[in-house]
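Counting in the numbering used here, the final residue of the sequence shown is number 448, and the numbers go up one at a time with none missing. Glycine residues also receive a C-beta, built at the ideal position from the N, C-alpha and C atoms. Take a look at the structure set out below.
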Amino acid sequence: MSDGILFKAATLSDGTVTDIRISGATISEVGSHLKGANETVIDATGLVALTGLVDLHTHLREPGFEQSETVLTGTRAAAAGGFTTVFAMANTLPVADTAGVVEQIQTLGERAGYATVRPIGAVTVGLEGERLSAIGAMANSSARVRVFSDDGKCVHDSLLMRRALEYVKTFDGVVAQHAQDPRLTENAQMNESALSSELGLTGWPAAAEESIISRDVLLAEHIGARLHVCHVSTAGSVEVIRWAKERGIQVTAEVTPHHLLLTQELARTYDARYKVNPPLRRDEDVQALRRAIADGIIDIIATDHAPHPLEAKECEWDAAAFGMVGLESAVPVVQTALVDTGICDWARVEQLMSLKPAEIGRLNGHPSSISAGQQAELAFVDPNSRSVFDINRLKGRSTNSPYLGMEFNGAVVHTVHQGYLTLRDGELVDEQIVAECSKLSQHEGLSS
Ligand SMILES: [Zn+2]
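Pasting the structure below:
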């Protein structure tokens, strides 16, 4: 490995200003006035240092859809966004429903070296909602899968959902549900409201999400298993989850940055960059989701990074694909929606985007704080930078971001993964260097 890195005068999420020394893959020392030895010294004055961000909901598209994203390009986008771990959704081709596929995805991540890639296993074979996939084989494989999801599709068969919860409970896994009643959302294009009628687009009722969450929390209670709700988008969903938590049901919930900032009004443009699943909702929903973060009803923020090639988005709204890229924009959007509005401080952001998603995903070795002896997984944010989010900020293969041309506060400046820099001064570190550092760090991990 390198001779280490010394970050000078960084601000931790609790406001403490300190130096941080990294040796090998760990944080070796935290304190004031640390003297540099033969290490790289980086001035972090004014930067907020967070434990590396963890995205529980990323679509990396490989294998099968490499024209949209690959494990390499998607983890480059992750590093640019301050992420050191991404959980990769199972809707690839082949679907990640066997030990072989999840192991392949994990290996591709290790080879690239920009972030830890933790594969998510499909709940049902081929995401077809008919038979349970090889859940046990994936859990026992070298990829040690703990999160299972048919995301993109809902596990709508109640008995299958019950069986999946029973199965994952045996090894402390979790089912991450994409809550969408398929019959209530046939051909749905945007949030169901007066606006959907006005625009002539088929509506997507809030009840299609809320009814599935209601059923699932009851099943989770009955089985005593862990349930995670993906991308909560309505005020009503928040109330169902609040009720379930008050009853002691083991449910956790995520919200995306876009559902914390954007509303259905954007559909007026008929610009398919704003077409997403679940759809952008009313301003009342956005406000309720922000309050749910303040109340602790929503546990984490996850990007639902969903890359699509240009032709899937530059077409009529009805024909366009659902989804937005979101790894690179997550921190600026969260700072704008939550920190600058006084809803969250950085300590809460660290919980929402790093510590809690690591806990839900049972991620081994993730740092619980920035202190000596912890794994060196770090993101440095400049909260005082203000800039227009332009296409150069996108480091993945696709550019379907709804934020292009918008101005935000906050930017990720440096990212450290396993003790080496993947992003420095806002620029990605070269592919060969990162791959070499990753190889060395895995070797160290094996020999120690
Ligand atoms: Zn989804």
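Which of helix, strand or coil DSSP assigns to G173: coil
G152 Cβ short of 7 Å to ligand 1 heavy atom set: yes
Unbroken stretches of the alpha helix (DSSP H), 4 residues or longer, contained in the region 317 to 385: Unbroken alpha helix (DSSP H) stretches of 4 residues or longer found wholly inside the region 317 to 385: 330 to 334, 346 to 350 and 356 to 360, given in chain order.
Proximity to R118 [Cα-Cα], best of E128, I105, K153 and K395: I105
CA-to-CA distance, A96 to K133, given in whole angstroms: According to the sequence shown, residue 133 is Ser rather than Lys. Roughly 9 Å separates the two Cα atoms.
Nearest-angstrom Cα separation, counted from R282 out to D340: 21 Å
Coarse secondary structure for Y403, derived from DSSP in three states: Three-state result, Y403: coil.
Rounded straight-line distance, which links the Cα of T92 to that of G152: 11 Å
Given 8 Å, three or more beta-carbon pairs between the region 298 to 310 and the region 217 to 233: yes
Exposure label - S448; buried when at least 16 CB within 10 Å: Summary for S448: the model assigns pLDDT 47, below 50, so the residue's position carries little reliability; its value from the coordinates is reported in the next sentence. That one is exposed.
Cα-Cα separation between F450 and D150, rounded to whole angstroms: Given that the chain is displayed from residue 1 to residue 448, the structure contains no residue 450 and the question cannot be resolved.
Any non-hydrogen atom of ligand 1 within 7 Å of C230 CB: yes
With 16 other Cβ atoms within 10 Å as the buried cut-off, status of V168: Burial call: buried.
Spatial neighbours of R111 in its chain, beta-carbon cut-off 7 Å, leaving aside the 5 residues before and after: A435
heavy atom of ligand 1 below 7 Å from D216 C-beta: no
Contact check, M138 vs V102, beta carbons under 8 Å: yes
Neighbourhood of T234 by C-beta, 7 Å cutoff - its chain only, sequence neighbours within 5 removed: A206, E209, E210, R281 and D285
Span of the beta strand (DSSP E), counted from its first residue to its last, around D55: L53 to T58
Reduced DSSP category for T303 - H, G, I as helix; E, B as strand; rest coil: coil
Chain-order list of residues whose beta-carbon lies under 8 Å from that of G31 (same chain, five-residue window excluded): T18 and D19
Sub-8 Å separation of S385 and G410 beta-carbons: Contact annotation: S385 and G410 have beta-carbon atoms nearer than 8 Å.
Proximity test, D304 beta-carbon vs ligand 1 heavy atom, cut-off 7 Å: yes
Contact between the region 186 to 193 and the region 123 to 130 (3+ Cβ pairs under 8 Å): no
T73 classed as buried or exposed, judged by whether at least 16 other C-beta atoms fall within 10 angstroms: The residue in question, T73, is buried, as its Cβ has 16 or more Cβ neighbours within 10 Å.
Where P182 falls, given that 16 or more other Cβ within 10 Å makes a residue buried: exposed
When V381, I297 and L423 are compared against K395, the one with the closest alpha-carbon: L423
Heavy atom of ligand 1 within 7 Å of N277 beta-carbon: Under cutoff, so the answer is yes.
Minimum C-alpha distance to H59 - residue among G52, T70 and L50: T70
Contact the region 353 to 360 vs the region 39 to 46: 3+ CB pairs below 8 Å: no
Alpha-carbon spacing of L338 relative to S441, whole angstroms: 35 Å
Supposed contact pair S354 and L159 - C-beta distance, whole angstroms, cut 8 Å: L159 to S354, Cβ: 36 Å. No contact.
Top-ranked residue by Cα proximity to T256, from D271, A194, V331 and Y270: V331
Candidates Q432, A292 and E427, of which the one nearest A79 by Cα: E427
Which residues DSSP lists as bridging V117, in chain order: V86
CA-to-CA distance, L195 to S265, given in whole angstroms: The sequence given here has Glu at residue 265, not Ser. For E265 and L195, the distance between alpha carbons rounds to 8 Å.
Start and end residues, beta strand (DSSP E) containing A9: I5 to L12
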